[in-house]
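Heads up: the sequence shown is residues -19 to 122, going by the numbering used here.
Written out below as C-alpha cells is the structure these notes cover.
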Amino acid sequence: MYQKIIVVGNLGSDPEMRYMPDGTAVTSFSVATNRRWTDRSTGQPVDETTWFRVSVWGRQAETTNEYLSKGRKVLVEGQLTPDRNTGGPRLWSGQDGTVRASFEIRADTVRFLGGREDGGSYGGDDYDGGGAPAQEEDDIPF
C-alpha cells in the first residue's frame, strides 16, 4: 500500500523548529491552499482555503527553518498522518467551542517556490501552479 499527497500553498506562520531527545531536528509549519470556483446556483465566486499542518525531519527540517518564513510559497510532498483515534483528520475544539479539523502531513520533500523577489528560491524549481484551468466542482468527473 502507498499514499502520497502533494500540496502547493503559502506558509501561514514562520516555521517552528525543535530537537527530539536523540538530537533529530523537526520543524513544523502550516500551509494554506486556496481554491476558487463559481457557484452555479448563485453565480457568485466562492473562495475555499484548506489548512495543512506539516512536519519535516532531519537536515531538511533545519534548512526549512532557516529559509522559509510566513507568506512564502512552498510545495510539500509527503504522507497524510491520520489521528490515531479516528483514522481521519485530527479533531480539536476552537476557542469559540466549534469542532475543527487539522490535516497533518509528514513531509518527505519541501520545495521552496518563487523567485528571488519572493525571498529566494532555495531547494527547488519555480512552480506557478499552471496547467489546466480550474474546474467547477460539478465538472469534476468523480
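Every residue gets a Cβ at the ideal spot worked out from N, C-alpha and C, and that includes glycine.
The structure presented is a predicted model; accordingly, all values stated were derived computationally and were not measured.
Going by the beta-carbon positions, is the gap between R39 and S8 smaller than 8 Å?
-> Going by C-beta atoms, R39 is not nearer than 8 Å to S8.
Please list the segments of the beta strand (DSSP E) lying wholly inside the region 14 to 100, counting only runs of 3 or more residues, in order along the chain.
-> Under the rule that a run must span 3 or more residues, the beta strand (DSSP E) segments found entirely inside the region 14 to 100 read 25 to 37, 53 to 60, 70 to 73 and 79 to 92.
Taking the Cβ atom as the reference point for each residue, do V(-13) and V11 lie within a distance shorter than 8 Å?
-> In this structure, the beta-carbon distance from V(-13) to V11 falls below 8 Å.
Take S21 and list the residues in its own chain whose beta-carbon comes closer than 8 Å to its own, dropping the five residues that flank it on each side.
-> Excluding positions up to five away in sequence, the list is empty.
Determine the contact status of A81 and V56, defining contact as a CB-CB distance below 8 Å.
-> Contact flag unset, no.
Endpoints, beta strand (DSSP E) assigned at G(-11) | Annotation for G(-11): the continuous beta strand (DSSP E) segment containing it runs I(-15) to L(-9).
Assuming L(-9) contacts V54 (C-beta within less than 8 Å), just tell me the rounded distance between them.
-> Right, their Cβ atoms sit about 6 Å apart.
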